[in-house]
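See below for the structure under consideration.
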Amino acid sequence: MLTTRRHHLSTSRRPVDVTTGQVVVRVSTPLDDAAAAHLAGCLRRRVRRGEVVLARLEGCDFVNARGFRALVRLQGEVEDAGGRLLVLDPPRSLRLVCRSFPGRLELVPATSPGAAA
């Protein structure tokens, strides 16, 4: 299930300069092709310049290569719109992939300030 909400953001793992707020997307299913397509559809034309998209991976215990590519592609779309994508509470599988491909995604542990949104 995917849901979106708008919040105001002051900080995350490190300070983020945002004046318009943030978009929170909760992913509570495995991040497969269908979930990734739905995620991209939820965000299409919703991200404004200066916003931060928080992709909260709740109960998403596994992200395969397609899910990783979908997140990287989504990050590019968000950046093209002038926003920033942060992946909250990433599963171990995603953290391992990001070690192999550093700099592709910004991962934020759920215990960080601002992660309780």
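Residue 107 in full-length UniProt numbering sits at position 107 of the sequence shown, with consecutive numbering throughout. All residues carry an ideal CB built from backbone N, CA and C; glycine is no exception.
Could you pull out every residue in the same chain whose Cβ sits closer than 7 Å to the Cβ of residue i, ignoring the five residues on either side in sequence?
i           : result
residue 102 : none
Buried or exposed: which applies to residue i, given that a residue is buried once 16 or more other Cβ atoms fall within 10 Å of its Cβ?
i           : result
residue 62  : exposed
residue 35  : buried
residue 67  : buried
residue 105 : buried
residue 96  : exposed
Grouping DSSP H, G and I as helix and E and B as strand, with all else coil, what is residue i?
i           : result
residue 54  : strand
residue 68  : helix
residue 46  : coil
residue 103 : coil
residue 97  : helix
Tell me the DSSP bridge mates of residue i?
i           : result
residue 63  : 31
residue 84  : 52
residue 108 : 88
Measure from the alpha carbon of residue i to the alpha carbon of each residue in the options, then state which is nearest.
i           : options        : result
residue 31  : 74, 64, 46, 79 : 64
residue 28  : 72, 84, 60     : 60
residue 109 : 97, 93, 88     : 88
residue 44  : 99, 104, 75    : 75
Short of 6 Å in beta carbon distance, which residues of its chain neighbour residue i, apart from the five on each side in sequence? Order them along the chain.
i          : result
residue 77 : none
Once the 5 residues before and after residue i are set aside, which same chain residues still bring their CB inside 8 Å of it?
i          : result
residue 48 : 20, 81, 82, 83
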